[in-house]
Each structure stands twice: as structure tokens, then as C-alpha cells.
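Heads up: the structure comes next, in C-alpha cells.
There are 2 protein chains.
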Amino acid sequence: MTQELTVQLADQKREKPDQANLGFGRIFTDHMFMMDYTEGKGWHDARITPYQPITLDPSAMVFHYGQTVFEGMKAYLTKEGRVFLFRPEKNMERLNRSNDRLCIPQIDGDFVIEGLKQLIKVDQEWIPTAEGTSLYIRPFIIATEPFLGVAPSKNYIFMAIMSPVGLYYKEGIAPVKILVENEFVRAVKGGTGEAKTGGNYASSLKGQEVAAQKNYSQVLWLDGVEKKYIEEVGSMNVFFKIDGEVVTPALNGSILHGVTRDSVIQLLKHWNVPVAERRVSIDEIAEAYRNGKLEEAFGTGTAAVISPIGEFLWGEEKMVLNGGQTGELSKRIYDTITGIQKGAEKDEFGWITEVPVSELK
Amino acid sequence: MTQELTVQLADQKREKPDQANLGFGRIFTDHMFMMDYTEGKGWHDARITPYQPITLDPSAMVFHYGQTVFEGMKAYLTKEGRVFLFRPEKNMERLNRSNDRLCIPQIDGDFVIEGLKQLIKVDQEWIPTAEGTSLYIRPFIIATEPFLGVAPSKNYIFMAIMSPVGLYYKEGIAPVKILVENEFVRAVKGGTGEAKTGGNYASSLKGQEVAAQKNYSQVLWLDGVEKKYIEEVGSMNVFFKIDGEVVTPALNGSILHGVTRDSVIQLLKHWNVPVAERRVSIDEIAEAYRNGKLEEAFGTGTAAVISPIGEFLWGEEKMVLNGGQTGELSKRIYDTITGIQKGAEKDEFGWITEVPVSELK
Chain A
37 MTQELTVQLA
47 DQKREKPDQA
57 NLGFGRIFTD
67 HMFMMDYTEG
77 KGWHDARITP
87 YQPITLDPSA
97 MVFHYGQTVF
107 EGMKAYLTKE
117 GRVFLFRPEK
127 NMERLNRSND
137 RLCIPQIDGD
147 FVIEGLKQLI
157 KVDQEWIPTA
167 EGTSLYIRPF
177 IIATEPFLGV
187 APSKNYIFMA
197 IMSPVGLYYK
207 EGIAPVKILV
217 ENEFVRAVKG
227 GTGEAKTGGN
237 YASSLKGQEV
247 AAQKNYSQVL
257 WLDGVEKKYI
267 EEVGSMNVFF
277 KIDGEVVTPA
287 LNGSILHGVT
297 RDSVIQLLKH
307 WNVPVAERRV
317 SIDEIAEAYR
327 NGKLEEAFGT
337 GTAAVISPIG
347 EFLWGEEKMV
357 LNGGQTGELS
367 KRIYDTITGI
377 QKGAEKDEFG
387 WITEVPVSEL
397 K
Chain B
37 MTQELTVQLA
47 DQKREKPDQA
57 NLGFGRIFTD
67 HMFMMDYTEG
77 KGWHDARITP
87 YQPITLDPSA
97 MVFHYGQTVF
107 EGMKAYLTKE
117 GRVFLFRPEK
127 NMERLNRSND
137 RLCIPQIDGD
147 FVIEGLKQLI
157 KVDQEWIPTA
167 EGTSLYIRPF
177 IIATEPFLGV
187 APSKNYIFMA
197 IMSPVGLYYK
207 EGIAPVKILV
217 ENEFVRAVKG
227 GTGEAKTGGN
237 YASSLKGQEV
247 AAQKNYSQVL
257 WLDGVEKKYI
267 EEVGSMNVFF
277 KIDGEVVTPA
287 LNGSILHGVT
297 RDSVIQLLKH
307 WNVPVAERRV
317 SIDEIAEAYR
327 NGKLEEAFGT
337 GTAAVISPIG
347 EFLWGEEKMV
357 LNGGQTGELS
367 KRIYDTITGI
377 QKGAEKDEFG
387 WITEVPVSEL
397 K
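Protein chains in written order, with the numbering used here: chain A, 37 to 397; chain B, 37 to 397.
Below is the structure:
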């Protein structure tokens, strides 16, 4: 480790939530991991502290110019009481790619993973045990310099907070209905689409709101240039199974480099299921649907893992997939990845990083 | 006023800064204006309080999903000791347009202007008197719900803070050198480009950094679709004088509705200077330059008012305008608008809102 990590424990532990009603991202553990960045000094004062509010000047740049990045990861508890992280090094790589795009200084990924392991160890009792639950980890960086000029901040805070979570969608692995968005754009080549930064999510809210009014739970985003090529679904990457082949939009500069996306591609190759990363137009999808060749579609992301798509609405055209049921391949991928994450399936890909904790019941 | 406004004065007044070195946005006045939004209750608890840090949960949505909007305004002190705001109702209109795009609840513009007047009155001694100075006002709204789900927040804080400022560019009205950006994109139609929201500014930092390394002080942004049509310069709108006619990119959905932009257009019409809002390609500008018809170019914004452009670099082509000097029309516009703002020129357009304060010095 390049820095010292200090640990200050909370005086009191808060009551653990009911595991049947965890929801997503509303309940937080007793501690958090923090460090500060000062220009000329680098990242310093890495520390685990009691979970607590942060105090910033109203002119702190994060409130004005959106200079933020974040990651989403999960810690899983196995039946044997071991604690697993899923490909955390990929999250650190992506965090640094996001940092580069947002002019935020690079972090030492190995050090941050060590800090996260310490944090998980301290709050290990918070990892939920019920089926489908996990401990969601949210590392993020915010610009804190008290200055209203438009320029990269000279000060930052890195934080990681943790939340015991149930399934991301209340419906569980049940298929969701998706509205193809023709007006609003999430991101464009040359913009920040492949960075995990606040602005992309802020930009997505309006389309999402319009979709919700029509009773669709997510939006399928098309490219910002031609409004023709598929980019992402909600805040997930998207896959289609067409006539036996799985296709997903290629990483083109405006699509997030999903860790689950990459894992799904590896898994499909391992299974000898044909898989292609390329441009996919909405016309191609509609055409495949009309010809009865659109077999399955699903989103991928850390929060939901696999989110099967039961229906697309594109203008006036409604496409119902697989009778609105979860497809066979979607289910197989979901079971395999969550199985590896939970230690029920063999990790043939070296995806698991174990967190050394004292044995949990 | 639809709400009560409470006032809590600071126990101590801080020392006023040296007016010769105000810079921009680093020094703040003794008080701020705040109000809270709670779903089901609307905006409430409008208050003027001592300037102070704000305390938020680390899961507050603003830190993660960029749901923020802001405005930039200025209060000016006239020679007679009167205090003027410049078209504040336009800022309120734009704030609500930004709110709409970002799924943030609408504010009552008239009420906020009343609150700002009260705030200015309380901190009237902070309005600087030296040439070229003013009191910059930064209203902004941040999403504060402690929740990691991607959805519009159910809670917000509105704040307005104020900073006595000198000229935005150290160079004053001296012309700046501009790099035409061919790689990075600030915004695209369907995105958030016409909203004043953090993500647009975060997105602009990287291009700005690249420009600074090449010794250019701002970036000229091209459209995200064809990388051909001119959008904005830095965080300003942009105008060109070509063969006697002034042209500026039309509001197309990805360009900010600048208050200064609108004022410049009105002023030019009043002067019978031909002015057109239309698509302007970078090729057209280069062509006009080569033919000796590109007479002037300038950016417009609240912070800088008018920022003359002395040079463009587009790939290998360097275009030096007007011998690198401030153009005659740029200077005339600058003098007129700043003259109206400072009460030295007659306000023929109804642009001034007076802030009732006790007579200053």
C-alpha cells in the first residue's frame, strides 16, 4: 500500500435492517472509506470512519460543474461464510478511465481495493444473507474546491459507502418493459458517455420519466448522431439473441464499459454461443422481431446483474419477446454469474477476489 | 410573495477583499439565500442565513447522478449608489427551463428575485465599486435525497451565494485565443446542452485542458452530430461579424439561451446592424477568413459580458482576427451593455431591475 490507512470505529452499531425489505441504496452500513486529494500533495489521509454526513462549502465545485465519477460493486456472502468481490480490478480500471475523461486525478486501484476490503471486514455483519441479496459498494469522487470558475478542481474527496441491497428491480428477474427513446439522448461520441459520471445519469432522467408515464420501466437509448444505433438500456448495457447469435453494441466511445457486459461476453464464448460486438440498429432489431428471429433481449449491470426484457415499444410498434417470459439463455447467464458471485458455481475465469474476514456464521 | 422569507443575520461581518484582486468566484459575502424542497410540500423555509457550509449525507443524489442546475447573474453599483440587476427575469425563466430538463421542480421566479433583492440588500456593502467589478450571484439547486437509485430526487436545496468579482478574464476585454475542438463534444441535440447543468461543464473540462496545454484559453465547440456546425465558445455563446453582417448559431436544442446573447441581438437590431441567428459551419468561418471577410468574433456571457476573439486555431489553420485586437463592434457592444448595467447608459430596453437599498456611500 502506498499510503497508511487509519481506522476509527463507530461508538455504536446501528440496527440491521429487515432482509426481506432491503430495497436498493437507502440503508447504509456503520462505516465508510474516505481519502482526500490536494493538488501538489496527491491522495492522502485514507481512513475508515463512522458513516457520517459530509460538510462542504456551498461553492464546492461538485454542486456547480458536475465534476464527479463513481463506481458500483458488490460484496457477496457465500454459504460457507466467505466474502467475495466480483472483478473489483475492472471497477478500478474504469474509475481511472472515468477520472481521465473528467480531469480528476488517478487513484491507486490496488490501494483502494485494499481499503474496500478493510471496510467490508469492519462492516461484515452488514452483508445480508437472504437469497438475491448482497452488499452494494459505491465508491465515488467529488470535486470540492470552493471556486466558481469552470476548471478542474484542485481538491477532491474519494468516498466509498456501502448499502445492503435486495434485488434492484422489485420484480426480481422478471422481464421488464422497455420504451425505445426517440427524442432524448443520453450521450454522444466525444462526450462523457463511456465515463461513469453524474451528468450521464442526470441527462437520462427526463427520458426515464416519460417512459414511466407510459408504464415502461426503462428506456432504450439510441445513438446521439443518427438516432438509429442502439447504445444502452436504462443504465445497463444491452444484449440481443437473434437467430441463435448474441449481439451487443460495440464499445464506441459513448457506451459504458460494463463489467457484467464483459463477463457475459466471456461466458458466452466459453459456452461456444456465437457472440458479436458490433453496431446494432433498432431497424435490425425490429426486422428480426418481425421475422420471428428475435429470441431474447436483456440488460446487464452490477445492480441487476441480468435484467430480461419482455417488451419493446418503438413508436407504434410493440415487440413482445418470448411471450413476455425470461428467456432460457438470460436465465442461464443469470444463474451462472450470480452462482459464481455467491460461490455456488466454480469460478473458472478468475473473477473472484476474496475478502479475508473472520468466519461469518 | 407565495412564501415567508426569514432573515438571520451573521453575528460578525467578514473583512472585505482588496478590490484590485477580486478574481472570480473565490470570495463570498456574509449571507446566502436558501430554501428547501420536499415532495408533497413544495418549496419551503425560504431564508437568508449567514454564509456557511452545507452538510449532506454521502448518498445525497447530487454526489452521484448530477441532478443540478444553476444560474449566473450580477448586481451592479451605479455612480449614484443605486444597485441594478440585469434582466433577472430571464435567468429565472432559464432556470425553470433547466429544471424541466433535469426533472427538478419549478421555482417561483418572482419570489426568488425578491429573495435575491433581500440578500443583496443585506450584503450591499459587498458590491465592489472599482471599474469593471460587480457582485456575481450564483443561484443553484441540488438534489439531496439520500438514495442511490437512478430517479429524480424527492428533496432539493435551492441556494444563492454571492461573490464580489473583478473581470472574468485576467486580460480584461483583451482578445482571447480559441482552439476549435475536433474530438470532444460538449452537448448534442436531445441531450442537456441548453440546460445550465453541471454535466455540460464537467464534459467541457477535458477539451479545455487540451486547449490550455496548447496555450489557447477557450475551446470552440462544434455540434455533436456532424462536428461541423458551431455551437458555443468555452461556456459562452459566440458571434461572428462577416462582411458587415453579424451571425450567431441559432438556438437548436443544444445551445444555451444566453441572456447576454439575447441582449446583443436586440442591441444590434436597435442599431440597424444586420444580425442573423442561423446554422454557422466552421467551414463558412474559415472561408470568410480566407476571403478577408471575417471582421470580428466574440463570445457573450454573464461572467465576461463580451469576450473578443483574437485568434482561432482549426487543425493546422490559424486565423488571426483584426490583427489580434478587439474589434470596433465588440467594443461598442461591451461599452453599451456594461454602460447600461452600471447606469452610465440609458436603459432603452427595460433591462434593469433596481434593488431598493439604502443609499450606498
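Note that CB positions come from ideal geometry on N, CA and C, so glycine has one too.
Treat the numbers as computed from the prediction; the structure is a model and nothing was measured.
Query                                                                                                                            : Result
Chain A contact for Y252(B) (CB, 8 Å cutoff)                                                                                     : no
Residue closest to Y370(B), alpha-carbon to alpha-carbon, out of G360(B), M355(B), T389(B) and A333(B)                           : A333(B)
Contact under 8 Å by Cβ, S95(A) with P182(A)                                                                                     : yes
Whole-angstrom distance between P89(A) and T1(A), CA atom to CA atom                                                             : The structure shown does not extend to residue 1(A), since chain A is modelled only from 37 through 397, so no value can be given for it.
8 Å Cβ cutoff met for E364(A) and L357(A)                                                                                        : no
Residues near K397(A) by beta carbon distance below 7 Å, same chain, minus five either side                                      : Summary for K397(A): the model assigns pLDDT 47, below 50, so the residue's position carries little reliability; its value from the coordinates is reported in the next sentence. Excluding sequence neighbours, K397(A) sits near G117.
Residues within the stretch 57 to 90 of chain B neighbouring chain A, beta-carbon criterion of under 7 Å                         : F60, G61, R62, F64, M68, P89 and I90
Listed by chain order, chain A residues near A238(B) by CB distance under 8 Å                                                    : Y101, G102, Q103, T104, L138, T228, T233, G234 and G235
Proximal chain A residues relative to F176(B), where beta-carbon distance stays under 9 Å                                        : P94, F99 and H100
In chain order, each beta strand (DSSP E) run of at least 3 residues that lies wholly inside the stretch 150 to 214 of chain A   : 170 to 179 and 191 to 201
DSSP state of G337(B) mapped onto helix, strand, coil                                                                            : strand
S317(A) - partner residues in DSSP beta bridges                                                                                  : Y265(A)
Under 7 Å by beta carbon: chain E residues contacting E219(B)                                                                    : Annotation note: the requested chain E is absent from the structure, which comprises protein chains A and B.
Under the three-state DSSP convention, the category S299(A) falls into                                                           : helix
DSSP three-state assignment for I140(B), whether helix, strand or coil                                                           : coil
Neighbour flag for M128(A) against chain B, beta carbons, 8 Å                                                                    : no
Segment contact, 8 Å Cβ cut-off, at least three pairs: the stretch 299 to 319 of chain B with the stretch 255 to 270 of chain A  : no
Assumed close pair L98(B), F99(A) - CB separation to whole angstroms, cut-off 8 Å                                                : The amino acid occupying residue 98(B) in the given sequence is Val; Leu does not appear at that position. 7 Å between Cβ atoms; contact.
Residues of its chain near L184(A), where Cβ-Cβ distance is below 7 Å and the 5 sequence neighbours each way are ignored         : S95 and H100
Contact with chain B by K52(A), beta-carbon distance below 8 Å                                                                   : no
Limits of the unbroken alpha helix (DSSP H) element including N236(A)                                                            : G234 to Q249
Contact belief for F120(B) with G379(B) at Cβ below 8 Å, rounded distance in angstroms                                           : 6 Å
Start and end residues, beta strand (DSSP E) containing E281(A)                                                                  : E281 to P285
Rounded separation between N307(A) and E381(A) - CA only                                                                         : Asn is not the amino acid found at residue 307(A); the sequence shown has Trp there. Taking the straight line joining both Cα atoms gives about 15 Å.
Residue span of the beta strand (DSSP E) that contains Q254(B), given as start and end                                           : Q254 to L258
CB contact below 8 Å: P200(B) versus chain A                                                                                     : no
The stretch 238 to 258 of chain A touching the stretch 266 to 282 of chain A, judged by at least three CB pairs closer than 8 Å  : yes
For V391(B), the first and last residue of its enclosing alpha helix (DSSP H)                                                    : Element bounds for V391(B): not the alpha helix (DSSP H) but the beta strand (DSSP E), I388 to V391.
Pairwise C-alpha distance: H293(A) and T403(B)                                                                                   : Coverage of chain B is limited to positions 37 through 397, which leaves residue 403(B) absent and any answer about it impossible.
CB contact below 8 Å: P188(B) versus chain A                                                                                     : yes
Cα-Cα separation, N288(B) to G386(A)                                                                                             : 49 Å
Cutoff 7 Å; reference V232(A); Cβ partners in own chain excluding five residues on either side                                   : Residue 232(A) is actually Lys in this sequence, not Val. V105, F106, E107, R130, S134 and L292.
Inter-stretch contact at 8 Å, needing at least 3 Cβ pairs: the stretch 214 to 227 of chain A / the stretch 273 to 283 of chain B : no
Cβ neighbour criterion (16 or more within 10 Å) applied to K250(A)                                                               : exposed
Min CB distance K242(A) to chain B below 8 Å                                                                                     : yes
Chain B contacts from the stretch 322 to 355 of chain A (Cβ-Cβ distance under 7 Å)                                               : none
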